[in-house]
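*Asks:* Just so we're aligned: 54 in full-length UniProt numbering is position 54 of the sequence shown, and the numbers increase by one with no gaps anywhere.
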Amino acid sequence: MTDPRQDAATRDSAKLATDDETSAAGQGNGLAIDVQKLNKHFGDKHVVKDVSLQVRHGEIFGFLGPNGSGKTTCIRMMCGLLTPDSGSGTCLGYDIRRDSAQIKRHVGYMTQRFSYWEDLTIRENLDFVARVYRMADRRAAVDRALESLGLTSRASQLTGALSGGWKQRLALAASMLHEPRLLLLDEPTAGVDPTARRDFWETLHVLAARGISVLVSTHYMDEAERCHKLAYIAYGTLLANGTAAEVIASQHLSTWAVHGDNLVELGQALRGEPGVAQTVAFGSALHVSGEDAAQLERTLRRAAIERHLKIAPIDTSLEGAFIYMMNRSKDSFGSQA
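1) Is DSSP giving residue 91 helix, strand or coil here?
2) So is residue 328 in contact with chain C if we call contact Cβ pairs under 8 angstroms?
3) Output the boundary residues of the alpha helix (DSSP H) element that contains residue 102.
4) For the beta strand (DSSP E) that residue 56 lies in, which residues bound it at each end?
5) Considering only residues of the same chain and omitting the five flanking positions on each side of residue 242, which have a CB-CB separation below 8 angstroms?
6) Can you list, in chain order, the residues of its chain with a C-beta nearer than 8 angstroms to that of residue 191? Leave out the 5 residues immediately preceding and following it.
7) Residue 288: which of 308, 314, 307, 63 sits nearest, CA to CA?
8) Could you work out which residue in 54, 48, 42 is closest to residue 33 when comparing CA atoms only?
9) Residue ranges of each beta strand (DSSP E) run of no fewer than 3 residues wholly in the region 67-91, ordered along the chain?
10) On the DSSP bridge list, what partners appear for residue 278?
11) Could I get the ranges of all uninterrupted alpha helix (DSSP H) runs contained in the region 101-155, with 4 residues as the minimum, in chain order?
12) Could you have a look at residue 183 and say whether DSSP puts it in helix, strand or coil?
13) Which same chain residues end up closer than 6 angstroms to residue 311 when comparing Cβ atoms and leaving out the 5 residues on each side of it in sequence?
14) Between residue 135 and the rest of its own chain, which residues show a CB-CB distance below 8 angstroms, the 5 nearest in sequence each way excluded?
15) Straight-line CA distance for residue 24 to residue 131?
16) Please specify which runs of the alpha helix (DSSP H), each continuous and at least 4 residues long, are wholly inside the region 216-274, giving them in chain order.
17) Is residue 212 helix, strand or coil when you go by DSSP?
18) Under the rule that 16 or more other beta-carbon atoms within 10 Å means buried, what is residue 282, buried or exposed?
19) Would residue 103 and residue 91 be called neighbours here (beta carbons separated by less than 8 angstroms)?
20) Could you tell me if residue 40 is buried or exposed, where buried requires 16 or more neighbouring beta carbons within 10 angstroms of its beta carbon?
21) Contact check, residue 184 vs residue 79 under 8 angstroms by CB: the rounded distance?
22) Is the Cβ-Cβ distance between residue 286 and residue 266 less than 8 angstroms?
23) On a Cα-Cα basis, can you pick out the residue from 52, 219, 280, 45 that is closest to residue 89?
24) In the DSSP assignment, what residue or residues form a beta bridge with residue 158?
25) Given a cut-off of 8 angstroms on the beta-carbon distance, is the pair residue 48 and residue 72 in contact?
26) Leaving aside the five residues before and after residue 240 along the sequence, list all residues of the same chain whose C-beta is less than 6 angstroms from its C-beta, in chain order.
27) Per DSSP, residue 36 is paired with what?
28) With DSSP collapsed to three states, give me the class of residue 205.
29) Quick test of your reading: residue 187 and residue 112, contact by CB under 8 angstroms. State the CB separation rounded to the nearest angstrom.
30) Buried or exposed for residue 125, going by 16 or more other Cβ atoms inside 10 Å?
31) Relative to the C-alpha of residue 138, which candidate in 150, 123, 152 has its C-alpha closest?
32) Please return the same chain residues whose Cβ sits closer than 7 angstroms to the Cβ of residue 36, not counting the five positions on each side in sequence.
33) Are the beta-carbon atoms of residue 293 and residue 65 separated by less than 8 angstroms?
34) Assign residue 99 to buried or exposed, taking buried as 16 or more other Cβ atoms, counted over all protein chains shown, within 10 Å of its Cβ.
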C-alpha cells in the first residue's frame, strides 16, 4: 500500500518538472518577457493602454514616467502578478494569464520602501525570508546571498544600524535568496547616496551577465542610461521604447546651449518663437530644443545678435527627450499634461 503523502509529493514534483519544461520550451526565442496590447482599467480610468514590450534574458530594462503613469501596473501585468483586461503574453515562458503561480516562483521583488526587521541582524533577516520560501537548505542559501552581495563581514550587524546603502544590499540579497530568473525593482535607489547607487548598479550588471533579467523603475536619468533598454510610459501610454540613443533619436530634436544674462526671462521670451519647442534651464545654460533644426538655428542666431548671447549646438540629452515627451503627453482624463 502506497503512502498518500508520498504520492502527492511525487505528483507535485512531476507538475513542477512539467512546468519547468514548458517554460524552457517557451524561452528558445531569447525573450524573458513578450507581451502584446496589454490594457487595464481601474473604474473608469484607463491606466494602461495597448502596451506591447519585449525583454530579453540578461537584459536590464528600465521603466520611466511620472508618478501615477501606469509603470507599476504595467510591470505587474507583464509578470503575471495582475491580470490584464485584454492583451496577452508570456513571462519566462509562462502565460501571464494562466500561469501566475509558476511565474512567481522565479521572480524576486524589491520594493522602494525598506520592509525588513531592524531589531534583527542581517543573517537573521535573511534566514526569516528563507523560512518563508520554505527553502530546504536555509543556511547555504543565506551564505550564498551574503557572499554575493558583500554582506558576509556584516552578517551579525543589527539591521537598524545600517546605512541606506547597506539596507539596500540586504533588500536585494533577500530578493535573490530563491535564485530568481527575473528581478522587479521599484525605485530601488531612492534616498541612497551616489556612491551606493553606483555600487548597486554595478551589482545589477553582474547579475544581468549571469542571465538574470531585471525590470527597474527609476526617476534618475543617469540610472536610465545604465539600462540596456528603456520604456517611457506617461498616463498609461508607451511613448518610447529602445536604447537610450534610440529613445533620444525618436524625438527628432535639435538642441542648442545658450549662455547669457537673465536666462529665465530669455527662456520665457523664446517660447513660441519659430522653431522653438522647448526651453529648459541646465546649470548656467539654457537648453533650447526643436524639431525644425534650420528654423531653430535662425531664431537662436537672431536672438544671439540682439541679446549678446553665446550659442552652440549640443547633443540632445535623455532628460531633454523625456521632458519633451512629457510636455506633449495627455493625462488619463484627456487634459494636457
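In this text, a Cβ means the ideal position worked out from N, Cα and C, and glycines have one as well.
All values reported here derive from a predicted model rather than from experimental measurement.
*Replies:* Let me spell this out:
1) Stepping through the sequence shown from its first residue, residue 91 is reached at position 91. Strand.
2) Structure shown: chain C not included; a single protein chain is present.
3) Sequence index remark: in the sequence shown, residue 102 carries index 102 (1-based). It spans 100-104 - the alpha helix (DSSP H) in which residue 102 sits, taken as one unbroken run.
4) Translated into positions along the sequence shown, residue 56 becomes position 56. It spans 45-56 - the beta strand (DSSP E) in which residue 56 sits, taken as one unbroken run.
5) Here residue 242 is taken as the residue at index 242 of the sequence shown, counted from 1. These residues qualify, in order along the chain: 229, 230, 250.
6) For the purposes of this step, residue 191 is identified with residue 191 of the sequence shown, where counting begins at 1. Here the set comprises 164.
7) What you label residue 288 is simply residue 288 of the sequence shown in a count that begins at 1. The shortest Cα separation from residue 288 among 308, 314, 307, 63 belongs to 314.
8) By 1-based counting over the sequence shown, the position of residue 33 is 33. Closest option to residue 33, Cα to Cα, is 54.
9) 86-91
10) On the sequence shown, residue 278 is found 278 positions in, with the first residue counted as 1. Note: residue 278 sits in a beta bridge opposite 289.
11) 122-132, 138-148
12) By one-based count along the sequence shown, residue 183 stands at place 183. Of the three classes helix, strand and coil, the one that applies to residue 183 here is strand, per DSSP.
13) Walking along the sequence shown from the start, residue 311 turns up at place 311. Result list for residue 311: 256, 258, 300, 304, in chain order.
14) As a first step, residue 135 must be located in the sequence shown, where it is residue number 135. 141, 177, 178, listed in sequence order.
15) Residue mapping note: residue 24 aligns to position 24 of the sequence shown, counting from 1. Residue mapping note: residue 131 aligns to position 131 of the sequence shown, counting from 1. Its pLDDT being 49, under 50, residue 24 is placed unreliably in this model, and the coordinates cannot settle the point.
16) 221-224, 244-250, 263-270
17) Here residue 212 is taken as the residue at index 212 of the sequence shown, counted from 1. If DSSP states are grouped into helix, strand and coil, residue 212 belongs with coil.
18) As a first step, residue 282 is located in the sequence shown; it is residue number 282 there, counting from the start. Counting Cβ neighbours within 10 Å, residue 282 comes out exposed, since fewer than 16 surround it.
19) The sequence position of residue 103 within the sequence shown is 103, counting from 1. The sequence position of residue 91 within the sequence shown is 91, counting from 1. Against a cut-off of 8 angstroms, the Cβ pair of residue 91 and residue 103 comes out as a contact.
20) For the purposes of this step, residue 40 is identified with residue 40 of the sequence shown, where counting begins at 1. Buried, because 16 or more other Cβ atoms sit within 10 Å of the Cβ of residue 40.
21) Within the sequence shown, the letter at position 184 stands for residue 184. Within the sequence shown, the letter at position 79 stands for residue 79. With 8 angstroms as the limit, residue 184 and residue 79 qualify as a contact, their Cβ atoms being about 6 angstroms apart.
22) The count along the sequence shown starts at 1 and reaches residue 286 at position 286. The count along the sequence shown starts at 1 and reaches residue 266 at position 266. Against a cut-off of 8 angstroms, the Cβ pair of residue 266 and residue 286 comes out as a contact.
23) Locating residue 89 in the sequence shown gives position 89, counting from the first residue. Minimum Cα distance to residue 89 is reached at 52.
24) In the sequence shown, the residue the question calls residue 158 occupies position 158. Residue 158 is bridged to 121.
25) By 1-based counting over the sequence shown, the position of residue 48 is 48. By 1-based counting over the sequence shown, the position of residue 72 is 72. No.
26) For the purposes of this step, residue 240 is identified with residue 240 of the sequence shown, where counting begins at 1. Counting only Cβ-Cβ distances below 6 angstroms, and skipping sequence neighbours, we find 232, 247, 250.
27) For the purposes of this step, residue 36 is taken as residue 36 along the sequence shown, with counting starting at 1. Looking at the DSSP assignment, residue 36 forms a beta bridge with 88.
28) Taking the first residue of the sequence shown as position 1, residue 205 is located at position 205. Helix at residue 205.
29) The count along the sequence shown starts at 1 and reaches residue 187 at position 187. The count along the sequence shown starts at 1 and reaches residue 112 at position 112. At roughly 4 angstroms, the Cβ-Cβ gap stays under 8 angstroms, so residue 187 and residue 112 are in contact.
30) Stepping through the sequence shown from its first residue, residue 125 is reached at position 125. Classification for residue 125: buried.
31) Numbered from its first residue, the sequence shown carries residue 138 at position 138. Considering only alpha carbons, the answer is 123.
32) Along the sequence shown, read from residue 1 onward, the residue named residue 36 stands at position 36. The residues are 52, 87, 88, 89.
33) Locating residue 293 in the sequence shown gives position 293, counting from the first residue. Locating residue 65 in the sequence shown gives position 65, counting from the first residue. Not in contact: residue 293 and residue 65 (Cβ atoms no closer than 8 angstroms).
34) The sequence position of residue 99 within the sequence shown is 99, counting from 1. Buried is the call here.
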